[in-house]
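In the numbering used here, the protein residues as written are 442 to 632.
In this text, a Cβ means the ideal position worked out from N, Cα and C, and glycines have one as well.
Reviewing the structure listed below.
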């Protein structure tokens, strides 16, 4: 009887082995033509063009203020410039700054008092893309107003509070200080 059970088990294992042949990957049943991506690109181009038009209106509305275009697609002007210092924050530095966020109509969304103080490890923390780049343009004790299109601000998602989806913003930043992180000295081991 035991031999019969062993034979049955071996037979079931053999049949299972034969039925487990290598399956080939199947192609998806529905194939997209890429129209979604094309439509999305067209929507994004229209969005960027609209935001750039608004930024251009802000710049032209006060010709006494000189705005500079960044390589990243935002504009900025110095409210207070520091011509004495030459150093700027670099990756790994710890920057201390204050900032205020307004919409393009000049309404304060987040005041400097609400947001202060800010401490940022340059290029090592996830903050708004425009700020991440803009802080590295500044010297200590400078105050700069940035005009960020939505893709450099909070993007298509907003901040889930006061900043809406695809909302460009005005951000005024004061870089109070920055310094290299202190190196932790290792103590010699005592045995």
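What residues in its chain sit with their C-beta under 6 Å from that of residue i, if we drop five residues either side in the sequence?
i, result
"residue 564", "532"
"residue 560", "537"
"residue 542", "550, 551, 610, 612"
"residue 614", "538, 540, 585"
Ordered along the chain, which non-local residues of its own chain (more than five positions away) have a Cβ less than 7 Å from that of residue i?
i, result
"residue 618", "537, 581"
"residue 495", "545, 609"
"residue 599", "605, 606, 608"
Considering only the beta carbon of each residue, do residue i and residue j sit closer than 8 Å?
i, j, result
"residue 529", "residue 479", "no"
"residue 588", "residue 506", "no"
"residue 513", "residue 569", "no"
"residue 585", "residue 515", "no"
"residue 519", "residue 623", "no"
Less than 8 Å between the CB atoms is what I'm expecting for residue i and residue j, so what's the real figure, rounded?
i, j, result
"residue 597", "residue 492", "Their Cβ separation, rounded to whole angstroms, is 12 Å, which puts residue 597 and residue 492 out of contact at 8 Å."
"residue 534", "residue 621", "6 Å"
Which same chain residues, not among the five before or five after residue i, have their C-beta less than 8 Å away from its C-beta?
i, result
"residue 502", "none"
"residue 526", "580, 581, 582"
Taking only the alpha-carbon atoms, compute the straight-line gap between residue i and residue j and give it to the nearest angstrom.
i, j, result
"residue 627", "residue 485", "Caution is warranted here: a pLDDT of 47 is assigned to residue 627, below 50, making its placement in the model unreliable, and the coordinate value is therefore given only provisionally. Computed Cα separation, rounded: 51 Å."
"residue 610", "residue 483", "22 Å"
"residue 558", "residue 539", "6 Å"
"residue 522", "residue 509", "14 Å"
"residue 524", "residue 579", "11 Å"
"residue 574", "residue 616", "13 Å"
"residue 556", "residue 567", "16 Å"
"residue 477", "residue 602", "29 Å"
"residue 511", "residue 571", "10 Å"
"residue 490", "residue 504", "21 Å"
"residue 547", "residue 595", "17 Å"
"residue 488", "residue 554", "31 Å"
"residue 448", "residue 475", "56 Å"
"residue 562", "residue 481", "34 Å"
Go through the region 524-587 residue by residue and report every complete run of the alpha helix (DSSP H) that reaches 4 residues or more, in order. Taking only runs of at least 4 residues, the alpha helix (DSSP H) segments lying wholly in the region 524-587 are 553-556, 570-575.
Complete runs of the beta strand (DSSP E) confined to the region 599-627 [at least 3 residues]: As far as the region 599-627 is concerned, its whole beta strand (DSSP E) runs of at least 3 residues are 610-620.
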